[in-house]
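Read through the structure below, which is laid out as structure tokens, and then see the notes.
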Amino acid sequence: GRRKLAWNRNVVAIGLSSGFLEPLESTSIHLIQSGLVKLLDLWPGPEIDPLLAAQYNRAMANQYETIRDFIILHYKATARDDTPFWQYCCNMDVPDSLTWKMAHFRASSRIVLTPGELFQPTSWLAVMLGQNIVPQGCDPLADIVDDAEVAAHFDRLREAVAGTVETMPTMTAMLDTWI
Numbered sequence: 001g002r003r004k005l006a007w008n009r010n011v012v013a014i015g016l017s018s019g020f021l022e023p024l025e026s027t028s029i030h031l032i033q034s035g036l037v038k039l040l041d042l043w044p045g046p047e048i049d050p051l052l053a054a055q056y057n058r059a060m061a062n063q064y065e066t067i068r069d070f071i072i073l074h075y076k077a078t079a080r081d082d083t084p085f086w087q088y089c090c091n092m093d094v095p096d097s098l099t100w101k102m103a104h105f106r107a108s109s110r111i112v113l114t115p116g117e118l119f120q121p122t123s124w125l126a127v128m129l130g131q132n133i134v135p136q137g138c139d140p141l142a143d144i145v146d147d148a149e150v151a152a153h154f155d156r157l158r159e160a161v162a163g164t165v166e167t168m169p170t171m172t173a174m175l176d177t178w179i
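Using my numbering, read the sequence shown as starting at 1 and increasing by one per residue.
Right, dumping it as structure tokens:
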């Protein structure tokens with residue numbers, strides 16, 4: 001949960017005094033830093049401007065809501081249903097913003113973020129694919145690239161990885177060196 005107004009008159013709640021989501025993704029430090037940066041951007045003059053406070057509150061609410069959606073995704077999309085807790089999670093209502101993000105990804109394979117989101121597309125992709133949310137379509141930009149060019153690129157990448165692996169010591173050799 002979070003406070004409805006993180007900035008209320010001459011008091012600004014930052015960090016855990018502003019809200020707490022849950023420890024799964026350890027977001028508290030980010031929310032402290034983000035809150036301080038936003039506060040400094042909107043630092044008031046001698047008088048407190050309610051418009052600046054409203055902007056701060058809107059920005060922080062957005063931060064909490066996008067993080068909330070990312071965390072809920074872990075629980076909502078799980079295939080587990082072996083306990084009442086997991087059964088509840090599978091059937092719980094989710095915010096419209098998360099429903100839209102999941103539907104959009106299924107339809108287009110795109111992950112659309114709002115400005116300033118903590119979790120970037122790679123994080124969303126890892127959770128969605130890991131929870132078996134699979135896109136039915138693809139990004140139209142993928143059709144622009146020639147298939148043979150993509151295959152050649154991945155062949156070169158495989159060769160580079162294999163060449164690097166060959167030069168690396170075995171785990172035993174590494175442990176012998178450092179222990």
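Here a beta-carbon is modelled for each residue, glycine too, at the ideal position from N, C-alpha and C.
Please read all numbers here as calculations on a predicted model, not as lab measurements.
Beta-carbon proximity list for residue i, same chain, < 7 Å, skipping 5 on both sides
i: threonine 38; result: Position check: residue 38 holds lysine in this sequence, whereas threonine was assumed. Here the set comprises Tyr56, Ala59, Met60.
i: isoleucine 133; result: Ala77, Met102, Phe105, Arg106
i: glutamine 136; result: Arg106, Ala107
i: glutamate 22; result: Ile71
As assigned by DSSP and simplified to three states, the class of residue i
i: tryptophan 124; result: helix
i: arginine 106; result: helix
i: valine 37; result: helix
i: glycine 19; result: strand
i: tryptophan 100; result: helix
Extent of the continuous alpha helix (DSSP H) to which residue i belongs
i: glutamine 87; result: 84-91
i: lysine 76; result: 50-76
i: glycine 137; result: Neither: glycine 137 is in no alpha helix (DSSP H) and is coded neither H nor E.
i: valine 94; result: That residue, valine 94, is in no alpha helix (DSSP H); it is neither H nor E in DSSP.
i: leucine 157; result: 147-167
i: threonine 172; result: 171-178
Cα-Cα separation, residue i to residue j
i: threonine 170; j: leucine 31; result: 41 Å
i: glutamine 200; j: methionine 174; result: The structure shown does not extend to residue 200, since the chain spans only 1 to 179, so no value can be given for it.
i: glutamate 159; j: lysine 4; result: 54 Å
i: isoleucine 144; j: arginine 156; result: 20 Å
i: alanine 152; j: aspartate 146; result: 10 Å
i: valine 165; j: threonine 172; result: 15 Å
i: glutamate 117; j: leucine 129; result: 19 Å
i: glutamine 33; j: phenylalanine 119; result: 15 Å
i: glycine 1; j: isoleucine 29; result: 16 Å
i: alanine 79; j: phenylalanine 85; result: 12 Å
i: proline 50; j: proline 115; result: 23 Å
Cutoff 8 Å; reference residue i; Cβ partners in own chain excluding five residues on either side
i: phenylalanine 154; result: none
i: asparagine 10; result: Ile48
Pair within 8 Å by beta-carbon distance, residue i and residue j
i: isoleucine 67; j: threonine 99; result: no
i: serine 17; j: glutamate 65; result: no
i: cysteine 138; j: serine 109; result: yes
i: leucine 52; j: leucine 40; result: no
i: proline 95; j: isoleucine 111; result: no
i: proline 127; j: histidine 74; result: It should be pointed out that residue 127 corresponds to valine in this sequence rather than to proline. A contact, by the Cβ cut-off of 8 Å.
i: aspartate 81; j: glutamine 87; result: yes
i: glycine 15; j: glycine 45; result: no
Closer than 7 Å: residue i CB and nearest the ligand NAP heavy atom
i: alanine 162; result: Annotation note on the ligand NAP: not contained in the displayed structure, which lists no ligands.
Contacts around residue i, its chain only, beta-carbon distance under 6 Å, and the 5 residues preceding and following it disregarded
i: leucine 24; result: Ile71
i: tryptophan 124; result: Ile111
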